[in-house]
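Asks:
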Amino acid sequence: MLRSIRAEWYKAVRRPYFPILFLTCTLLTVGAVYCLYLIKTQSPGITPIGLPFALSLSPLGMVMGLWPVAIGGDLVFSEQYKHHTLKNEVSFGIPRARIYLSRWAAVFLVMLLLYAVLVAVYTLSALLLLGLDRDPSGLTSGGGFLLLGYLSLAALPIWAGGLSLIMAIYFLIASANMAAICYVALVLALPPLLDTLGKHISPFFQLLHHLTLSYQLDLLLNVQILDWALIGRCWLVGLGWTAAATALGLFCFSRRELP
Amino acid sequence: MSELILRTRELTRRYGRTLALDRASLSVEKGQILGLVGRNGAGKTTLIRLISGQSRPTSGELALFGASSPSALDRARSRTGVMVETPAFYPYLTAEQNLEYYRIQRGIPGRSCVDEALELVRLTGAGKKKFKTFSLGMKQRLGLALALMNQPEFLLLDEPINGLDPEGIVEFRELLLRLNRERQTTILISSHILSELSALATHYAFIDRGRMLETISAADLRERCRDCLELRVDDAARAAQVLEEQLGTRDFEVLPQERLRLYAFLDQPQTVNRVLMEQGVGLISAQQKDSNLEDYFLSLIDGHSAGKEGV
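These protein sequence lines are chains A and B, in that order. For the first sequence, my numbering assigns the number 16 to the initial residue and increments by one for each residue that follows. For the second sequence, my numbering assigns the number 82 to the initial residue and increments by one for each residue that follows.
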């Protein structure tokens, strides 16, 4: 298994896609901090904007985390069906479960690295551009980092659930574009649909809505205090999606006729 | 008895209503070079895909190096080298990087095997080039390098000389013969170019419409393809009896569609004609033949089709 993960990593970091993804995300992160800097310098007195304030906005980043996993999945997996490369591995006798899980693990590692880089870039650029001005709510830099850590802990399993979902879709649908569209539809359209059905047809749909990944991340938007029950729930839902999506993806891939 | 590398029994693959492979039984022993001969869509690629695990059989048995359970088959496949249809690689990686990726994945020790494989297929100078810039011939060579990288005991090659230039074909043939001679590598190779197969194969398997028609050694095939007098008569069974009793020869074979192939009396066709006529056998035609692999294959599938129609 480790060999396969190493091989996937070897391949992923040599794609031009890899530096482009990291560079784009880094620039967007610096751009977001620069916007805060513009607000701070051009509209002084609205609110004291410093590193603690920037850290207090981290829930927004957590919510957006479901989208980079789709790009990370594409970085590691994309066009395997188009280039027919999976047939090589199967012919070498590499079990299909190992092929599947090694790609999952490689995307997970790429995403962890991306997250670490973005947090570092965000913090550093906020420190350099915004300084250490105290947040009006009384949040200190230490408190901001604590909040970031807490939110990361809660969001991690949800992102893993999203990653498992997109990997299952990539393995099921040969076209990378169609797979991405399906993922967006499931993540974006399914929760409001279940919500509406829950309100008008049966409360059961409401229950399902509460088990969606997006709903869990939305809950994090309003978090200001450490809520271990919420973290527990995020882990339960995230691991549930991870297990279900991986089991489905593995089941279908193990029976799939390779082109 | 030689070690059995591959054994299929009643192997069947159905795609919807299409029967791509119909109860194919085949054995390949260690050291053999088996040429798989068949028309387009005959089931050659389907058979190789089933052996290599890219496709799963609808029914039937498959054993590789004696292993037949799914997990044991996976382990056995690590001892094989496979090239099925067009070689598949990552276009954005160089030839070296592509091989290195698979080397890591397969756990082949030592980075040197990548260079050795590239050298073996004469691609050393192109190692740093991206796969997407390769010509078809270079892609075929890289596919072969990948198949050979782990020093396989069993090579499965599906139309491997497609896209190779004449020089490349000769080099390729010599390479396979060398591997077979020096490493005892067993090879299963399919090709449309029958003359090329006949320069390599020690055995042949003929396949048509998903059915395995016949497996035969190259020596036996040569025997069957020797010069002969092909007779078309109104009663082949009676003609066979006449040849035995009147001309005292058993050096002939009876073919479908009231035909016989006579390997004796080649310089006396008139005698044969006269004796048959005297015994009341109607001779429709007599033709001197020196058949080759191509003729043999064609007569085999003709006979098979006629047999089917007869049924």
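The beta-carbon is built from N, C-alpha and C at its ideal position, and this holds for glycine as well.
When DSSP builds the beta bridges, which residues end up paired with Lys211 of chain B?
Replies: B:Thr175
Asks: I want to see whether chain A comes within less than 8 Å of Ser276 of chain B, judged by CB atoms only; does it?
Replies: no
Asks: So, does the stretch 159–173 of chain B touch the stretch 201–210 of chain B, judging by three or more C-beta pairs under 8 Å?
Replies: no
Asks: List, from N- to C-terminal side, the beta strand (DSSP E) runs of 3 residues or more that fit wholly inside the stretch 298–370 of chain B.
Replies: Counting whole runs of 3 or more residues, the stretch 298–370 of chain B contains the beta strand (DSSP E) stretches 309–314, 333–336, 340–343 and 364–370.
Asks: Taking Cβ to Cβ, would you say Leu347 of chain B is nearer than 8 Å to Leu302 of chain B?
Replies: no
Asks: Is the Cβ of Ser190 of chain A closer than 8 Å to any Cβ of chain B?
Replies: no
Asks: Which whole-angstrom value describes the C-beta separation of Ser136 of chain B and Glu23 of chain A, a residue pair presumed to lie in contact below a C-beta threshold of 8 Å?
Replies: At roughly 24 Å, the Cβ-Cβ gap does not stay under 8 Å, so Ser136 of chain B and Glu23 of chain A are not in contact.
Asks: Measuring only the C-alpha atoms, how far is Met193 of chain A from Leu205 of chain A?
Replies: 17 Å
Asks: Taking Cβ-Cβ distances shorter than 7 Å, what residues in chain A pair up with Asp155 of chain B?
Replies: Neighbours of Asp155 of chain B in chain A, taken as residues at a C-beta separation under 7 Å, are given in chain order as Gly108 and Pro110.
Asks: Using a cut-off of 7 Å between C-beta atoms, extract the partners of Ser277 of chain A located in chain B.
Replies: In the structure as shown, chain A begins at 16 and stops at 274. Residue 277 of chain A is therefore absent and cannot be evaluated.
Asks: Between the alpha carbons of Thr433 of chain B and Val125 of chain A, how many angstroms are there, rounded?
Replies: The structure shown has nothing for residue 433 of chain B, since chain B only spans 82 to 392.
Asks: Spell out whether any CB of chain A is found under 8 Å from the CB atom of Leu238 of chain B.
Replies: no
Asks: Please classify Gly176 of chain A: does DSSP put it in a helix, a strand, or coil?
Replies: Gly176 of chain A falls in the helix class under three-state DSSP.
Asks: Please classify Glu255 of chain B as buried or exposed, where buried requires at least 16 neighbouring CB atoms within 10 angstroms.
Replies: exposed
Asks: Ignore the nearest five residues each way along the sequence and tell me which others in Val392 of chain B's own chain have a CB closer than 8 Å to its CB.
Replies: Unreliable placement is indicated for Val392 of chain B, whose pLDDT of 34 sits below 50; the coordinate value is still reported in the next sentence. Correct list: empty, nothing qualifies.
Asks: Answer with yes or no whether the minimum CB distance from Val163 of chain B to chain A is below 8 Å.
Replies: yes
Asks: Report yes if the CB atom of Arg307 of chain B is closer than 8 Å to the CB atom of Tyr344 of chain B, and no otherwise.
Replies: yes
Asks: Which of helix, strand or coil does DSSP assign to Asp246 of chain B?
Replies: coil
Asks: Is there a Cβ of chain B sitting closer than 8 Å to that of Thr261 of chain A, yes or no?
Replies: no
Asks: Counting C-beta neighbours from all protein chains within 10 Å, is the total for Arg130 of chain B 16 or more, i.e. buried, or is it exposed?
Replies: Burial call: buried.
Asks: Using alpha carbons as the reference points, say which of B:His273, B:Pro172 and B:Asn354 lies closest to Gln369 of chain B.
Replies: B:Asn354
Asks: Just to confirm, is the Cβ distance from Asp315 of chain B to Ser271 of chain B under 8 Å?
Replies: no
Asks: What first and last residue would you give for the beta strand (DSSP E) that runs through Glu94 of chain A?
Replies: Glu94 of chain A -> no beta strand (DSSP E), and no H or E assigned at all.
Asks: Are the C-beta atoms of Leu227 of chain B and some chain A residue less than 8 Å apart?
Replies: yes
Asks: Hey, is Arg30 of chain A's beta-carbon within less than 8 Å of any beta-carbon in chain B?
Replies: yes
Asks: Using the beta-carbon of each residue, which ones in chain B are nearer than 9 Å to Ala22 of chain A?
Replies: Simply Glu181, Tyr182, Tyr183, Arg184, Ile185, Gln186 and Arg187.
Asks: Please confirm if Tyr25 of chain A has its CB atom under 8 Å from at least one CB of chain B.
Replies: Chain B, which has a Cβ nearer than 8 Å to the Cβ of Tyr25 of chain A, makes this yes.
Asks: Quick one: Cα of Leu174 of chain B to Cα of Phe215 of chain B, how far?
Replies: A direct Cα-to-Cα measurement between Leu174 of chain B and Phe215 of chain B gives close to 11 Å.
Asks: Helix, strand or coil: how does DSSP classify Leu379 of chain B here?
Replies: helix
Asks: Taking Cβ to Cβ, would you say Thr267 of chain B is nearer than 8 Å to Glu304 of chain B?
Replies: No, these two residues do not count as a Cβ contact at 8 Å.
Asks: Report the three-state DSSP secondary structure of Val134 of chain A (helix, strand or coil).
Replies: helix
Asks: Does any residue of chain A bring its CB to less than 8 Å from the CB of Pro172 of chain B?
Replies: Yes, contact with chain A.
Asks: What does DSSP give as the partner residue(s) for Ser108 of chain B in the beta ladder?
Replies: B:Arg88
Asks: I'd like to know whether the C-beta of Ala367 of chain B is nearer than 8 Å to at least one C-beta of chain A.
Replies: no
Asks: Taking a contact to mean a Cβ-Cβ separation below 8 Å, would you say Gly157 of chain A touches Gly65 of chain A in this structure?
Replies: no
Asks: Expressed to the nearest angstrom, what Euclidean distance is found between the alpha-carbon atoms of Ala317 of chain B and Gln327 of chain B?
Replies: 15 Å
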